[in-house]
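Chemist: Our numbering applies: residue 30 is where the sequence shown begins, and numbers increase by one. Built from N, CA and C at the ideal position, the CB exists for glycine as well.
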Amino acid sequence: MNDQLTERIEEYLQLETNYAIILNGDYGIGKTHYIKNELFPKIKNLKILSSNKDETYIPILISLFGVNSIEEIQNQIFIELYPILKNRGVKIFTGLGKSIYKILSGSEFKDLLSDTNTSSADLIDFSKILLCIDDIDRKSPVLNIKEFFGFVNNLVENQNAKILLIANEEE
């Protein structure tokens, strides 16, 4: 991949948007390698313009390979945000983490938060994350693609998420 692609992704992060972008290419050309080894080091140092603090983006990479549900995607995001959950001794709490994330993204939780003068953005601020979703073309047939794109749409439109989809569109 090249510097021009990185510049375009950096521009996307600096714009106020309500859409995701896609990195498309054949298998084996190095899309994931580029994301991990070239893009992420630069993104980690990229200042968030909309922040009044000196914050930088948090890049996260998840894979849809074999994923069966939106809940599994949410779990992957949560685990990437809180890497301590990857620790073997903490795996018991993964189910708890998944439940917390499910609650955080639900409408009932918004009512609870308004009662406590807190918002879900205080807990997970998607506007500070570059969420890279890899292997869309390798998802489980059980995961409905329309449901997946609805999930992505919700994140970009309602949570101000910046999402980079990575796929081989021909597949």
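Look at Lys157 and Leu42 and say whether their C-beta atoms are less than 8 Å apart.
Modeler: In this structure, Leu42 does not lie closer than 8 Å to Lys157 by Cβ.
Chemist: Along the chain, where does the alpha helix (DSSP H) that runs through Leu42 open and close?
Modeler: Counting along the chain, the alpha helix (DSSP H) containing Leu42 begins and ends at 32-43.
Chemist: Can you give me the Cβ contacts of Ile106 inside the same chain, cut-off strictly under 8 Å, excluding the 5 residues immediately before and after it?
Modeler: Correct list, in chain order: Ile89, Ile91, Tyr130, Leu160.
Chemist: Between which residues of its own chain and Pro70 is the CB-CB distance below 7 Å, once the five residues before and five after are set aside?
Modeler: Here the set comprises nothing.
Chemist: Rounded C-beta distance between Leu172 and Asn97? I'm assuming under 8 Å.
Modeler: Indeed they touch by this definition, with Cβ atoms about 6 Å apart.
Chemist: Less than 8 Å between C-beta atoms, sequence neighbours within five positions excluded: which residues of the same chain meet that for Gly57?
Modeler: Excluding positions up to five away in sequence, the list is empty.
Chemist: Among the residues of its own chain, which have a CB less than 7 Å from the CB of Asn74, if the five just before and after it don't count?
Modeler: Only Thr85 meet the Cβ criterion.
Chemist: For Asp164, I'd like the list of residues in its chain whose CB is within less than 6 Å of its CB, leaving aside the five on either flank, ordered along the chain.
Modeler: Taken in chain order, the residues that qualify are Ser92, Leu93, Phe94.
Chemist: Which whole-angstrom value is the C-beta distance of Ile99 and Leu68, which I expect to be below 8 Å?
Modeler: Actually they are not in contact, since the Cβ atoms of Ile99 and Leu68 sit about 25 Å apart, beyond 8 Å.
Chemist: For a test of the three-state rule: what should DSSP assign to Phe138, helix, strand or coil?
Modeler: Residue confidence is low: Phe138 scores 45 on pLDDT, short of 50, so the model does not pin down where it sits. Its coordinate-derived value is still stated next. The answer is helix: DSSP assigns Phe138 an H, G or I state.
Chemist: Grab me the residues of Tyr48's own chain with a C-beta within less than 8 Å of its C-beta, minus the 5 sequence neighbours each way, in chain order.
Modeler: These residues qualify, in order along the chain: Val185.
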